[in-house]
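S.K.: Residue numbers for the sequence shown, in our numbering: 908 to 1469.
Quick reminder that beta carbons are idealized off the backbone N, C-alpha and C, glycines included.
Here the structure is a predicted model, which means the values were calculated and not measured.
Starting off with a structure, shown below.
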Amino acid sequence: MTALLSFLPILVVGILLVGFRLPASRAMPVSYLVAAGLALFVWQVPGAKVAAASVKGLTVTVQLLYIIFGAILLLNTLKHSGALAVIRNGFTNISPDRRVQVIIIAWLFGAFIEGAAGFGTPAAVTVPLMVGLGFPALAAVVAGMIIQSTPVSFGAVGTPILVGVNKGLAGDESVQTAVADMGFAQWDGFLAFVGFKVALLHAIVGTLIPLLLVVFMTRFFGKNKSAREGLVVWPFALFASFALTVPYVLVAKFVGPEFPSLLGALIGLAIVVPVAKRGWLLPKGEPWNFPPRAEWEAGWMGGVEIDLKSGQAGGSAKIGAFAAWLPYLLVAALLVLTRLSVPLATWLKDVELKWSGIFGTAIDASLQPLYLPGTVFIVVSLIAVVLHRMNGVGVSAAWGESLKTTAKASVALVFTVPMVQVFLNTDGGLAGYEKMPIALANGVAALAGGAYPLLAPALGGFGAFVAGSNTISNMMFSLFQFEVAVKIGVDATWMVALQAVGGAAGNVICVHNVVVASAVVGLSGREGEVIRKTLLVFVYYALAAGVIGFVFLKLGLLPPGG
């Protein structure tokens, strides 16, 4: 019964967003009330703790809105300076085929940004870029969400493994004993071994992600609504997939969990772009494009208008290709630099606003404003103003449009993230129940029995769907997955790897990631439509990973320590 009740806030989200097609701004307040009601009256969590969890959720909301604003500001600054028109021409020179462009921007560049920053940043960067290049807003959001799967386990320089799995397992004595029995003298070696298994699973399941990207583009947003028009580029799509995943696995094996996504994507870009420019592995005939804008369905377009005529009113200089791309290069460089263990990153982290013991509870909230990606976006936007010699009219227009778009996203996030925090902080109630995520996990494991490995990725995905983070999902469920593996007599490292892979895939359907991605292109209120499409990808990813993991476990492949 507690498992069923735990699922209720999420079920409400699914019914209202996907079933009734309500905007997140209307669905999420209902979900918050359901979660808070269960916490207060069923779990009997003290009101002060529910309030504290809600306040923590609001602090996270502020951070997300800050990232949204920074991403939109960068887009609008480049739009008004005329740089976006130059960037679009550059992509056309690589290939005018939109199927190629979505692979390069979403799959490869998006994976690089994920490896550098994580936490939803790829969508904030690539989605507005694709809209600026002429993609329908809905198509850009769907593409930006689909790729938040394979690279995510190694996002933000390995945070989901080095922080998520690490914190989820490190404090348990039985785990420490089991890891020592596996032959690992150092804890870091154990984490690296789990990371390699995660990379191997992702490389197998993620092989089809670039192909799914183009099939979704042609099936849902093409003139002929034809999946076949996407499938015909399978040689190029698979080539682009292997160009990333092969170095990705090798880096995970020989370097560690910090750099598989970041280096894999960089190597992939270096390999794929020259091939695309020469038209190799691509079908003969006319390049595929979206139908003319006048024929777009009303639901495809967002509230952010991108006029890509050269010589915008806001810019006073003719911009070259390098100067146009320089802001994005600076974003990538600064995101990497601030995520490494260097003095600059330490200084940025040290600037912190913290509220410890909110309302007398054990819940803390903190904000590191200078460390957030939003600060990088804003700083680079200001640099672009000088670099592109923008005038006051262009700068004013960029800031005004960005503030308006951000405001539209605020209502949904103000309820989404507090609901998540209430859900996660339901332990310690007078009823004596496990907190909601663990109660749900226990119910799933009890029903599945020995077949549980098939469902392990789905549980990890559920954690990310709720929490909005692979890292938090791994922190919540890694120990649970480890213990279930011991109970049913299978390799616990594979089970933890399945958790991490599923947690990564859960980002594809995570509500607040969809809200953020939709907001940056003015699609607020259309989140359910995005999730209805990306849910197909999540089901594929979780199911395929579960089947592969189950087979690996049954065959005893890659035994502990091996």
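By Cβ distance, which residues of its chain are closer than 8 Å to V1258, with the 5 residues on each side in sequence left out?
M.R.: Only Q1275, P1276, L1277, Y1278 meet the Cβ criterion.
S.K.: Beta strand (DSSP E) containing S1273: first to last residue?
M.R.: First-last of the beta strand (DSSP E) with S1273: 1272 to 1274.
S.K.: So, at 7 Å on beta carbons, what are the nonlocal neighbours of T1323 in its own chain, with the 5 sequence-adjacent residues on each side left out?
M.R.: The answer, listed in chain order, is A931, M935, V1418, H1419, V1422.
S.K.: In chain order, what residues of the same chain have a beta carbon less than 7 Å from the beta carbon of S1425, not counting five sequence neighbours either side?
M.R.: Once the five neighbours on either side are set aside, the close Cβ partners of S1425 are V1048, S1431, R1433, E1434, V1437.
S.K.: Below 7 Å CB to CB, which residues in the same chain sit around I1345 once its five sequence neighbours on both sides are set aside?
M.R.: Correct list, in chain order: F1387.
S.K.: Which complete beta strand (DSSP E) runs does the stretch 1067 to 1126 hold, if anything under 3 residues is left out?
M.R.: For the stretch 1067 to 1126, not a single whole beta strand (DSSP E) run of length 3 or above is found.
S.K.: If we call anything under 8 Å between Cβ atoms a contact, is A1412 one with F1445?
M.R.: The answer is yes: Cβ separation under 8 Å.
S.K.: What would DSSP say about G1218, mapped onto helix, strand or coil?
M.R.: Here G1218 scores only 45 on pLDDT, less than 50, and its place in the model should not be relied on; the value that follows carries that caveat. G1218: coil per DSSP, three-state reduction.
S.K.: Beta-carbon within less than 7 Å of G1132's beta-carbon, same chain only, minus the 5 sequence neighbours each way: which residues are those?
M.R.: For the sequence presented, residue 1132 should be read as Lys rather than Gly. Once the five neighbours on either side are set aside, the close Cβ partners of K1132 are R1126.
S.K.: Between L1244 and the rest of its own chain, which residues show a CB-CB distance below 8 Å, the 5 nearest in sequence each way excluded?
M.R.: Excluding sequence neighbours, L1244 sits near L1251, A1252.
S.K.: Please report how far the alpha carbon of F1100 lies from the alpha carbon of A1183, in whole angstroms.
M.R.: Distance between the alpha carbons of F1100 and A1183: 35 Å.
S.K.: Can you tell me which of L1118, E1204, D1271, N1332 puts its alpha carbon nearest to the alpha carbon of V1009?
M.R.: Closest option to V1009, Cα to Cα, is L1118.
S.K.: Would you be able to state if there are at least three C-beta pairs under 8 Å between the stretch 1080 to 1093 and the stretch 1156 to 1175?
M.R.: Taking 8 Å as the limit for Cβ pairs, the verdict is that the stretch 1080 to 1093 does not touch the stretch 1156 to 1175.
S.K.: Would you call the CB atoms of G1137 and R1006 closer than 8 Å?
M.R.: Yes, the pair counts as a contact, with Cβ atoms nearer than the cut-off.
S.K.: By DSSP, does M1383 sit in helix, in strand, or in coil?
M.R.: DSSP places M1383 in helix when its eight states are reduced to three.
S.K.: Tell me which residues share the same chain as S961 and place their Cβ nearer than 7 Å to its Cβ, disregarding the 5 neighbours each side in the sequence.
M.R.: Correct list, in chain order: P1325, Q1328, V1329.
S.K.: Using a threshold of 8 Å, state whether the C-beta atoms of F1019 and L911 are closer than that.
M.R.: Not in contact: F1019 and L911 (Cβ atoms no closer than 8 Å).
S.K.: Check whether the stretch 986 to 993 and the stretch 1283 to 1290 are in contact - that is, three or more C-beta pairs closer than 8 Å.
M.R.: Not touching, per the Cβ criterion.
S.K.: For the stretch 1140 to 1147 against the stretch 993 to 1001, do three or more pairs of beta-carbon atoms, one drawn from each stretch, fall closer than 8 Å, so that the two count as touching?
M.R.: No, the stretch 1140 to 1147 is not in contact with the stretch 993 to 1001.
S.K.: For the beta strand (DSSP E) that W1207 lies in, which residues bound it at each end?
M.R.: Element bounds for W1207: n/a, residue is neither H nor E.
S.K.: Can the beta-carbon of W1094 be found closer than 8 Å to that of I1054?
M.R.: Taking 8 Å as the Cβ cut-off, W1094 and I1054 do not qualify as a contacting pair.
S.K.: Quick one: using the 10 Å Cβ neighbour count with 16 as the cut-off for buried, is N1000 buried or exposed?
M.R.: The residue in question, N1000, is exposed, as its Cβ has fewer than 16 Cβ neighbours within 10 Å.
S.K.: If we call anything under 8 Å between Cβ atoms a contact, is T1066 one with G1113?
M.R.: Cβ distance not < 8 Å, so T1066 and G1113 don't count as in contact.
S.K.: Taking Cβ positions, are I1011 and V1249 nearer each other than 8 Å?
M.R.: Contact: no.
S.K.: Could you tell me which of R1439, L1347, K1315 sits nearest to V1428, measuring between CA atoms?
M.R.: The shortest Cα separation from V1428 among R1439, L1347, K1315 belongs to K1315.
S.K.: Please state whether DSSP places K1191 in a helix, a strand or coil.
M.R.: DSSP places K1191 in coil when its eight states are reduced to three.
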